[in-house]
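Undergrad: To start, I am sharing the structure in question, which I have written as structure tokens.
What follows is the structure, given as structure tokens:
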């Protein structure tokens, strides 16, 4: 027997190819996994349907009636509630205020939050401390934060007017929440202060995920700080901008807590937003059908503007 024959006999036999599971078994395993997934999702889906979908459908039904929210009977009035809403000056005033507060807070908060996030990103020491300080306002509910601001801005004993008087600036004291000319801008400031924490941390997380190799390469090529931000950092932030703008627009359209606590829509109706308008006419004036119609209009507006803005921001994200 030659050496070549001995070597061939010594080699182990090639293992047979691994047997693939039959199509039927793969299908059965997939069905079991899908069933388990559906069982985990089912409780949350049922709860969501009972708490959100069913009331929303009932709201559409009530919007076509003259129900007062209390009595057991109501009459079908068709689209009359929608006609009254679209011809109501009070409703359009609420729309205007919502646009000012919603879009204004979205732009201001995102601009300031991005700047603060960039400063925090440059810190080598105590970054965690300052990050906590920035996020603290977000830990307080809108209702509690508005209550604090209500006392701070009180005309008679509030901290703002008391400080101005102590500095000899009595002429600058104002009824900050009762002045027609400034109440919306005061509300805008409070809303921006309350909503800035989450936005800042989202930007900071994205800034810290920017590959430093790209930044260093751009600097070696002679790029200035502005050019590094424009061509390296900003494209990396496109996703964060989309998320933050979408969240801020939704929050802006549904501003309620601050109005409820601080002004109750006043003076008069000057600071009413769409969400507060719905509450006031539906529960305060016992016109549930009319309020339901306004809620349906608000839902359509929020969905439409959010989808349009999100599509636009996504297209910009792809371009970046």
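In UniProt numbering, the protein residues as written are 1 to 320. Cβ coordinates follow ideal geometry from the N, Cα and C atoms, glycine included. Just so it is clear, the structure is predicted and the values come from calculations on it, not from any experiment.
Keeping to the same chain, check which residues put their C-beta closer than 7 Å to that of residue 109; ignore five residues upstream and five downstream.
TA: As a working note, residue 109 is residue 109 in the chain shown. Contacts found: 192, 195, 196, 199, 248.
Undergrad: According to DSSP, which residues form a beta bridge with residue 65?
TA: Looking up residue 65 in the chain shown gives position 65. Bridge partners of residue 65: 76.
Undergrad: Per the contact definition of three or more C-beta pairs closer than 8 Å, is the stretch 75–90 in contact with the stretch 220–237?
TA: Output reads no: the stretch 75–90 does not touch the stretch 220–237.
Undergrad: Indicate the three-state DSSP secondary structure (helix, strand or coil) for residue 264 in the structure shown.
TA: Taking the first residue of the chain shown as position 1, residue 264 is located at position 264. Residue state, collapsed to three classes: coil.
Undergrad: Excluding five sequence neighbours on each side, which residues of the same chain lie with their C-beta closer than 7 Å to the C-beta of residue 121?
TA: Residue 121 sits at position 121 when you count from the first residue of the chain shown. So the list reads 204, 207, 208, once near-sequence residues are dropped.
Undergrad: Please classify residue 310: does DSSP put it in a helix, a strand, or coil?
TA: One-based indexing of the chain shown puts residue 310 at position 310. It is helical.
Undergrad: For residue 97 and residue 284, what's the separation of their Cα atoms in angstroms?
TA: Against the chain shown, residue 97 aligns to sequence position 97. Against the chain shown, residue 284 aligns to sequence position 284. In a straight line, the C-alpha of residue 97 is about 20 Å away from that of residue 284.
Undergrad: Measuring alpha carbon to alpha carbon, tell me which residue in 190, 180, 178, 135 is nearest residue 148.
TA: Counting from one through the chain shown, the residue named residue 148 turns up at place 148. Of the candidates 190, 180, 178, 135, the one whose C-alpha sits nearest the C-alpha of residue 148 is 190.
Undergrad: When burial is assigned at 16 or more other CB atoms within 10 Å of the CB, is residue 6 buried or exposed?
TA: Residue 6 sits at position 6 when you count from the first residue of the chain shown. Here the model assigns residue 6 a pLDDT of 47, short of 50, so the residue's position is not dependable, and the following value carries that caveat. Looking at its Cβ environment, which holds fewer than 16 other Cβ atoms inside 10 Å, residue 6 is exposed.
Undergrad: Would you mind stating whether residue 254 and residue 275 have Cβ atoms separated by less than 8 Å?
TA: Within the chain shown, residue 254 is the residue found at index 254, counting from 1. Within the chain shown, residue 275 is the residue found at index 275, counting from 1. Yes, the pair counts as a contact, with Cβ atoms nearer than the cut-off.
Undergrad: So the alpha helix (DSSP H) residue 90 belongs to, where does it begin and stop?
TA: On the chain shown, position 90 is the one that residue 90 refers to. Start and end: 89–122.
Undergrad: Would residue 172 be called buried (16 or more neighbouring beta carbons within 10 Å of its own) or exposed?
TA: Here residue 172 corresponds to residue number 172 of the chain shown, with the count starting at 1. Looking at its Cβ environment, which holds fewer than 16 other Cβ atoms inside 10 Å, residue 172 is exposed.
Undergrad: Around the Cβ of residue 81, are there at least 16 other Cβ atoms within 10 angstroms (buried) or fewer (exposed)?
TA: If you number the chain shown from 1, residue 81 lands on position 81. Classification for residue 81: buried.
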